[in-house]
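Heads up: the structure comes next, in structure tokens.
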Amino acid sequence: MVKAAGVCMLLLALAIPSSVAEACQAKEQAMAPPAQSVYQSSIQSTQLLSETPESTQSSGKETDRTQLRHLHPFPYDVVLIDVGHGGIDGGTSYGDILEKDINLAISRRLFMLLRQEGYHAVLNRDADYALSDDNRWHRTSSRHRRDLSQRKQLSSEIPTKLVVSVHVNWGKNSSKRGGIVLHQSEGRSTLLADTIQEQLNLVYNNSNHIMLGKPYYLLNQTKVPAVIVETGFLSNVEDRTLLTSRNGQMKIAEAIADGIISYLTAL
42 MVKAAGVCML LLALAIPSSV AEACQAKEQA MAPPAQSVYQ SSIQSTQLLS
92 ETPESTQSSG KETDRTQLRH LHPFPYDVVL IDVGHGGIDG GTSYGDILEK
142 DINLAISRRL FMLLRQEGYH AVLNRDADYA LSDDNRWHRT SSRHRRDLSQ
192 RKQLSSEIPT KLVVSVHVNW GKNSSKRGGI VLHQSEGRST LLADTIQEQL
242 NLVYNNSNHI MLGKPYYLLN QTKVPAVIVE TGFLSNVEDR TLLTSRNGQM
292 KIAEAIADGI ISYLTAL
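Below, the structure written as structure tokens:
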């Protein structure tokens, strides 16, 4: 129930109109079936976008695709925030500090910051659960593969402008610190990585460089501009303090948000 409620809130946040009255009407129209997951809702909604005038000729009128788009629960291209790990997959750790919890805390703050600035954003998880549990279409015994393919799949099921995947880093050398942004071999992804990296370097007061994320499934398989943001090194004491404090998490989220907004403004 917690998972379903979180998803419902995200869907409403995306579809929210300019007034409360319109929001109630939109909720009745778009959310009549009980929301079980963001993936199930988006699969149903994509059927609206795939309709053609030929498929609606029984009404005697051609349906404009623009009108169909407005019926979609996601009427705008969104910034998809991919919250790394979750559930059984804790990610990297230090003692009882788990990466999955830091990822979620920073991603929630990033979501709110973007929404406050008027940008349409969505989280692919808003609680501690594994996205592989939602994946019942990828026939593989590998939980890890189901998790990755589910993360990629959402960007093709809802209109997505860009994907930002939030993670925490770890290094054998504990002196390594700061955020590092990985990007696709694609110009827009590189630009997005640059703008986020610039802001993260201000937070950490260093000069880290973006890196090509050649072996990463999400970057290779996602068709829209995508980056992986390694928000800091859990293995470094200074970074760890920043990553685990509310103030530090907000600074990191603000840096990522500022980078995203700079990128979108430059387009």
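Those letters in the sequence shown? Residues 42 to 308, per the numbering used here, in order.
Glycine residues also receive a C-beta, built at the ideal position from the N, C-alpha and C atoms.
Residue i: which of the options sits nearest, CA to CA?
| i | options | result |
| --- | --- | --- |
| L121 | T133, S276, L155 and R218 | L155 |
| L164 | N210, P256 and G127 | G127 |
| L259 | L145, V204 and M153 | V204 |
| L145 | V209, Q157 and L195 | V209 |
| K213 | A294, F152, N277 and Q262 | N277 |
| S148 | A171, T231 and V207 | V207 |
| W215 | D299, I301, Y135 and Y117 | The sequence given here has Ser at residue 215, not Trp. Minimum Cα distance to S215 is reached at Y135. |
| V265 | H250, K255, S196 and A296 | S196 |
Which of helix, strand or coil does DSSP assign to residue i?
| i | result |
| --- | --- |
| L275 | coil |
| V79 | Because V79 carries a pLDDT of 45, less than 50, the predicted location of this residue cannot be relied on, and no value is offered for it. |
| D142 | helix |
| L284 | helix |
| Y160 | coil |
| D299 | helix |
| T133 | coil |
| N210 | strand |
| K292 | helix |
| A267 | strand |
| G228 | helix |
| E92 | The predicted model places E92 with a pLDDT of 27, which falls under 50 and marks its position as unreliable, so this point remains unresolved. |
Answer yes or no: do residue i and residue j have a C-beta to C-beta separation smaller than 7 Å?
| i | j | result |
| --- | --- | --- |
| I221 | E271 | yes |
| R150 | M291 | yes |
| L233 | T133 | no |
| N247 | G219 | yes |
| S303 | T236 | yes |
| A309 | D130 | Outside the displayed range of the chain (42 to 308) lies residue 309, so it cannot be described from this structure. |
| A162 | Q225 | no |
| D299 | Q240 | yes |
| V244 | A296 | yes |
According to DSSP, which residues form a beta bridge with residue i?
| i | result |
| --- | --- |
| M153 | For M153, which the question treats as bridged, DSSP gives no partner whatsoever. |
Please return the same chain residues whose Cβ sits closer than 7 Å to the Cβ of residue i, not counting the five positions on each side in sequence.
| i | result |
| --- | --- |
| F152 | I122, A162 and L164 |
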